[in-house]
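Since the structure comes first, as structure tokens, the remarks are kept for the end.
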Amino acid sequence: MTTGRDDDALTWDGDDDPTLDHGAAAEPEDELETRPASTTAELPKGFTAVGKGSETLDSTDAPAAGSVPEGSSEAPAVTPGRQPMGNGALIAFGVLGGVYALYAIGWLIGGLRLQGRAQYLVTDVMYQGSLWLAVLAPLLWFATTLLLTRTSRAWLRFTWLAAGVVLLLPWPFVMIGAIGQ
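Going by numbering that gives the first Met the number 0, the first residue of the sequence shown is number 0, and it counts up by one from there.
The following block contains the structure:
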């Protein structure tokens, strides 16, 4: 039954075409030997070498002739005083953003279910305005907290977001919605 070519499934027709080689061309050995070896390595600006052999490293603040300038587009620029967010912080922001989105949906559902019962207290315009303000409140809290605490420490940002989770709980949904009945 088999054709004797077990590795047919692992190759494509035309794989052996020499024009498809995308690898780096091998350099002749004589060019490799003529390159001068750098005896001391240079550290980037602001770094200090520690440990065994650190005295041989040059930590000058002047950039080397072959180094990449600071304003290049090859490396992302990170401000010196600010660290990028870690994976845990990004996941926590995503979860909290989802909680706030669910809170907005909960306020909408709870407010619409409460509309027939509480509308006799205020006029239609006032009820609709307060309903949409309540629906937008979690989203506004989340966006405002992220905007105002962008230069603050992460624990302060998470504290304000946690306070919003407690304060903006959709009570109409809890009391009259799916849970309260």
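Don't be surprised by glycine CBs; every beta carbon is placed ideally from N, CA and C. As the structure is a computational prediction, the values presented were derived from the model and not from experiment.
Contact set for residue i: own chain, Cβ-Cβ below 8 Å, skip 5 residues either direction
i	result
Phe141	Leu95, Gly96, Tyr99, Leu160 and Gly163
Val124	none
Leu155	Thr148
Leu9	none
Same chain, Cβ closer than 7 Å to residue i, five either side skipped, listed in chain order
i	result
Trp11	none
Arg149	none
Leu167	Tyr102, Ala136, Pro137 and Trp140
Buried/exposed call for residue i, threshold 16 Cβ in 10 Å
i	result
Asp60	Because Asp60 carries a pLDDT of 48, less than 50, the predicted location of this residue cannot be relied on, and no value is offered for it.
Pro83	exposed
Leu130	buried
For residue j and residue i, believed in contact at Cβ under 8 Å, the rounded distance
i	j	result
Gly109	Pro43	So it is not a contact: roughly 55 Å between Cβ atoms.
Trp106	Ala88	Not a contact, Cβ separation roughly 27 Å.
Leu138	Ala103	5 Å
Residue nearest to residue i in terms of C-alpha spacing, selected from the options
i	options	result
Phe157	Glu54, Val49, Gly50 and Gly93	Gly93
Proximal residues to residue i (C-beta, below 6 Å), its chain only, five neighbours per side dropped
i	result
Pro171	Gly109, Gly110 and Leu113
Arg152	none
Check your understanding: Given 8 Å as the limit, is there contact between the region 143-159 and the region 112-122, that is, 3 or more CB pairs closer than that?
Key -> These segments do not touch.
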